[in-house]
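Student: Those protein sequence lines, which keep their order, are chains H and S. Counting with numbering that gives the first Met the number 0, you get residues 0 to 243 for the letters of the first sequence. Counting with numbering that gives the first Met the number 0, you get residues 0 to 243 for the letters of the second sequence.
2 protein chains.
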Amino acid sequence: MSNPLVRKLENFVRLSLEEKQALEKIAQPTRRLGAREDVIRDGERPRHVNVVLEGWACRYKQLEDGRRQVISIFLPGDLCDPHVFVLRKMDHSLGTLTPVVLAEISEAAIRDVTLQYPRIAEALWWEMLVTAAIQREWTVSLGQRLATERLGHLFCELFLRLRAVGMTSETSCEFPITQADLGDAMGLSTVHINRTLKELRAAGLIRLRGRQLTIPDFPALQAASLFDPSYLHYERDPSAIDDD
Amino acid sequence: MSNPLVRKLENFVRLSLEEKQALEKIAQPTRRLGAREDVIRDGERPRHVNVVLEGWACRYKQLEDGRRQVISIFLPGDLCDPHVFVLRKMDHSLGTLTPVVLAEISEAAIRDVTLQYPRIAEALWWEMLVTAAIQREWTVSLGQRLATERLGHLFCELFLRLRAVGMTSETSCEFPITQADLGDAMGLSTVHINRTLKELRAAGLIRLRGRQLTIPDFPALQAASLFDPSYLHYERDPSAIDDD
DNA sequence: GGGCTGAACTAACGCAGGTTAGTTTTGCGG
DNA sequence: CCGCAAAACTAACCTGCGTTAGTTCAGCCC
Numbered sequence: 000m001s002n003p004l005v006r007k008l009e010n011f012v013r014l015s016l017e018e019k020q021a022l023e024k025i026a027q028p029t030r031r032l033g034a035r036e037d038v039i040r041d042g043e044r045p046r047h048v049n050v051v052l053e054g055w056a057c058r059y060k061q062l063e064d065g066r067r068q069v070i071s072i073f074l075p076g077d078l079c080d081p082h083v084f085v086l087r088k089m090d091h092s093l094g095t096l097t098p099v100v101l102a103e104i105s106e107a108a109i110r111d112v113t114l115q116y117p118r119i120a121e122a123l124w125w126e127m128l129v130t131a132a133i134q135r136e137w138t139v140s141l142g143q144r145l146a147t148e149r150l151g152h153l154f155c156e157l158f159l160r161l162r163a164v165g166m167t168s169e170t171s172c173e174f175p176i177t178q179a180d181l182g183d184a185m186g187l188s189t190v191h192i193n194r195t196l197k198e199l200r201a202a203g204l205i206r207l208r209g210r211q212l213t214i215p216d217f218p219a220l221q222a223a224s225l226f227d228p229s230y231l232h233y234e235r236d237p238s239a240i241d242d243d
Numbered sequence: 000m001s002n003p004l005v006r007k008l009e010n011f012v013r014l015s016l017e018e019k020q021a022l023e024k025i026a027q028p029t030r031r032l033g034a035r036e037d038v039i040r041d042g043e044r045p046r047h048v049n050v051v052l053e054g055w056a057c058r059y060k061q062l063e064d065g066r067r068q069v070i071s072i073f074l075p076g077d078l079c080d081p082h083v084f085v086l087r088k089m090d091h092s093l094g095t096l097t098p099v100v101l102a103e104i105s106e107a108a109i110r111d112v113t114l115q116y117p118r119i120a121e122a123l124w125w126e127m128l129v130t131a132a133i134q135r136e137w138t139v140s141l142g143q144r145l146a147t148e149r150l151g152h153l154f155c156e157l158f159l160r161l162r163a164v165g166m167t168s169e170t171s172c173e174f175p176i177t178q179a180d181l182g183d184a185m186g187l188s189t190v191h192i193n194r195t196l197k198e199l200r201a202a203g204l205i206r207l208r209g210r211q212l213t214i215p216d217f218p219a220l221q222a223a224s225l226f227d228p229s230y231l232h233y234e235r236d237p238s239a240i241d242d243d
């Protein structure tokens with residue numbers, strides 16, 4: 000199985016063998032963490048661009064009084080801002096949700112690979128803009144969607160993002176995070192997450208047992224959650240496909 | 000009064016006269032809109048980088064059933080993604096909150112100015128990363144903060160962002176948007192916005208009459224709202240100041 | 001297999017914020 | 001100065017979700 004970063008970026012541009020190899024070379028595993036560990040903490044100076052190769056991680060922010068918001072979820076292939084270095088201090092933390100394998104890429108390696116391969120630079124642009132779009136969609140969810148819609152929307156999003164890196168079957172995917180973490184991400188209490196899951200299950204929209212999520216009827220869940228996938232910008236432009 | 004884009008970027012890097020002139024040249028007024036008009040709509044193809052020169056605007060997204068979320072607020076000096084063009088379609092709309100004067104910058108003009116002036120390129124990086132940080136902080140607000148904290152936090156943020164472009168007095172600033180728009184931004188009903196404003200006023204934390212906001216005791220409002228300004232990344236690095 | 005731990009799940013009650021349906025105020029064009 | 005529209009504001013009632021305080025279940029070590 001090839002590198003998840005390569006698989007992800009290929010949803011946007013077709014990469015040449017040389018480009019793929021260059022990416023794989025800089026995105027090698029360099030760090031392993033257990034579940035519930037911090038990759039980097041609020042206030043620290045960023046030293047690498049982190050790429051998730053295996054497992055799930057997240058950005059989160061903790062308020063003075065302990066309240067915690069998971070701001071975004073990182074799946075295999077996701078990377079955090081190629082240009083973090085411009086800001087001298089992290090304004091949030093990165094933590095793992097499950098055991099994780101990371102590639103830590105240096106500022107120099109990013110610079111070199113983007114200068115040498117403009118198509119990779121463009122692909123990283125795409126990935127940054129999609130990351131921003133996802134963040135905006137979370138804003139919409141937290142501001143407007145009810146608990147069932149909010150959770151359903153998240154399931155739709157994560158399923159498509161996992162499919163983009165080849166980590167789903169027809170209707171199922173791994174779903175290894177706890178209801179407490181889900182609550183922190185959705186701005187809901189664990190109790191209410193549990194109630195809401197029960198409701199989604201009763202409506203036949205999802206099955207969730209152990210660490211396995213099944214969406215038997217994606218269009219149904221999509222409709223119930225007001226999910227419109229266009230913000231993920233996965234459709235590769237037809238005119239861009241055949242030039243390599 | 001100089002260009003608000005220049006004033007904003009100077010919170011991060013000191014720009015030479017030549018750099019300032021280059022920026023002012025591409026950020027000239029090209030479009031005027033009334034309040035409550037769309038700059039560009041969801042699904043359309045982006046043709047410019049829009050810079051707000053006067054007035055307030057916003058990103059927003061409307062759900063099929065009419066619910067509307069204001070995703071972010073644009074103040075004078077703000078610009079929307081220098082690289083929108085990479086994505087072929089808008090996944091949200093841009094609209095005005097008040098009458099607005101825009102500079103529409105072409106893709107080519109952005110490319111030219113960043114290639115010629117690396118410091119401007121870096122400043123635009125900073126602005127993109129801060130925009131992302133603000134979006135994350137909104138996620139935290141919507142997910143975790145109560146109505147009073149949420150509104151208070153917004154007032155703190157907007158006051159500092161306006162101050163960064165020289166648009167505040169000691170304790171006051173313009174605040175020209177309606178309670179309905181505030182509700183759409185904070186994920187609260189107009190009625191509750193009104194109740195919450197009343198509460199903040201009663202606590203002496205803000206004064207808000209007509210289009211004027213006064214924060215008599217900023218640290219008090221900050222404490223009540225769990226506002227930590229570090230995500231705005233305004234502190235200019237001391238080592239970077241004296242090299243021009 | 002027993003005992004421990006963390007996650008999943010539940011019930012009862014309370015509250016923050018939504019909804020509906022207004023009234024009052026402000027601003028503005030004529 | 002009047003008349004209109006939009007914004008600000010209010011009261012009464014309702015509901016989605018939080019809180020507290022549990023019980024049950026699954027995985028794992030010894």
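For each residue, glycine too, the CB sits at the ideal point set by N, CA and C. Being a predicted model, the structure only gives us computed values, none of them experimental.
Listed from N- to C-terminal order along the chain, which residues in the region 98-131 of chain S have their beta-carbon within a distance smaller than 9 Å of any beta-carbon of chain H?
Tutor: Residues E121, W124, W125, M127, L128, V129, T130 and A131.
Student: I want to see whether chain S comes within less than 7 Å of H:V50, judged by CB atoms only; does it?
Tutor: With 7 Å as the cut-off, H:V50 does not count as an interface residue toward chain S.
Student: Using a Cβ-Cβ cut-off of less than 9 Å, give me the residues of the region 150-183 of chain S that come near chain H, in sequence order.
Tutor: Within the region 150-183 of chain S, the residues whose Cβ lies closer than 9 Å to some Cβ of chain H are D183, listed in chain order.
Student: Quick check on S:L74: does DSSP put it in helix, strand or coil?
Tutor: Reduced to three states, the DSSP call for S:L74 is coil.
Student: How would you list, in chain order, the residues of chain H whose beta-carbon sits under 9 Å from the beta-carbon of S:E63?
Tutor: Simply L225 and D227.
Student: Considering Cα atoms alone, identify which of S:D111, S:H232 and S:M127 is closest to H:H82.
Tutor: Nearest of S:D111, S:H232 and S:M127 to H:H82, Cα basis: S:M127.
Student: Under the rule that 16 or more other beta-carbon atoms within 10 Å means buried, what is H:R200, buried or exposed?
Tutor: Exposed, because fewer than 16 other Cβ atoms sit within 10 Å of the Cβ of H:R200.
Student: Buried or exposed: where does H:L78 fall if 16 or more other Cβ atoms within 10 Å of its Cβ makes it buried?
Tutor: Buried, because 16 or more other Cβ atoms sit within 10 Å of the Cβ of H:L78.
Student: Output, in chain order, the set of chain H residues within a Cβ distance shorter than 7 Å of S:G142.
Tutor: Within chain H, the residues near S:G142 are Q68, L141 and G186.
Student: Can you name, in chain order, every residue of its own chain whose Cβ lies under 6 Å from the Cβ of S:H232, other than the five neighbours on each side?
Tutor: Excluding sequence neighbours, S:H232 sits near V129.
Student: Buried or exposed: S:E53, going by 16 or more other Cβ atoms within 10 Å of its Cβ?
Tutor: By the neighbour-count rule (16 or more Cβ atoms within 10 Å), S:E53 is not buried but exposed.
Student: If you drop the 5 nearest sequence neighbours on each side, which residues of the same chain put their C-beta closer than 6 Å to that of H:A179?
Tutor: Contacts found: T189.
Student: Can you list, in chain order, the residues of its chain whose CB lies under 8 Å from that of S:E43, leaving out five sequence neighbours each side?
Tutor: Around S:E43: K88 and M89.
Student: Can you give the Cα-Cα distance for S:P45 and S:T170, rounded to whole angstroms?
Tutor: Approximately 38 Å, taken between the alpha carbons.
Student: Could you confirm whether any beta carbon from chain H is found closer than 7 Å to the beta carbon of S:W55?
Tutor: Judged by the 7 Å Cβ criterion, S:W55 is not in contact with chain H.
Student: Go through the region 83-135 of chain H residue by residue and report every complete run of the beta strand (DSSP E) that reaches 3 residues or more, in order.
Tutor: Complete beta strand (DSSP E) runs here, min 3: 92-95 and 99-104.
Student: So, with DSSP's three-state summary, where would you put H:V164?
Tutor: H:V164: coil per DSSP, three-state reduction.
Student: Could you check whether S:L225 and H:L187 sit closer than 7 Å to each other, using their CB atoms as the reference points?
Tutor: No.
Student: Which class does H:N49 belong to by DSSP, given the choice of helix, strand or coil?
Tutor: Strand, per DSSP.
Student: Residue ranges of each alpha helix (DSSP H) run of no fewer than 4 residues wholly in the region 3-68 of chain H, ordered along the chain?
Tutor: List check, alpha helix (DSSP H) in window: 3-8 and 16-25.
Student: What did DSSP end up calling H:T170 once you bin it into helix, strand or coil?
Tutor: Note: H:T170 maps to coil in three-state DSSP.
Student: On the DSSP letters alone, give me the boundaries of the beta strand (DSSP E) that H:L212 sits inside.
Tutor: Counting along the chain, the beta strand (DSSP E) containing H:L212 begins and ends at Q211 to T213.
Student: Helix, strand or coil for H:L150, going by three-state DSSP, please let me know.
Tutor: DSSP places H:L150 in helix when its eight states are reduced to three.
Student: Just to make sure I have the definition right: I need the residues of chain H whose C-beta is within less than 8 Å of the C-beta of S:Q134. Which are they?
Tutor: What S:Q134 touches in chain H: A131, Q134, R135 and T138.
Student: By the 10 Å Cβ neighbour count, where 16 or more other Cβ atoms means buried, how is H:K7 classified, buried or exposed?
Tutor: Result: buried.
Student: Identify the continuous alpha helix (DSSP H) that holds H:R200 and give its terminal residues.
Tutor: T189 to A201 is the extent of the alpha helix (DSSP H) around H:R200.
Student: Mapping DSSP to helix, strand and coil, what is H:L145?
Tutor: It is coil, neither helix nor strand.
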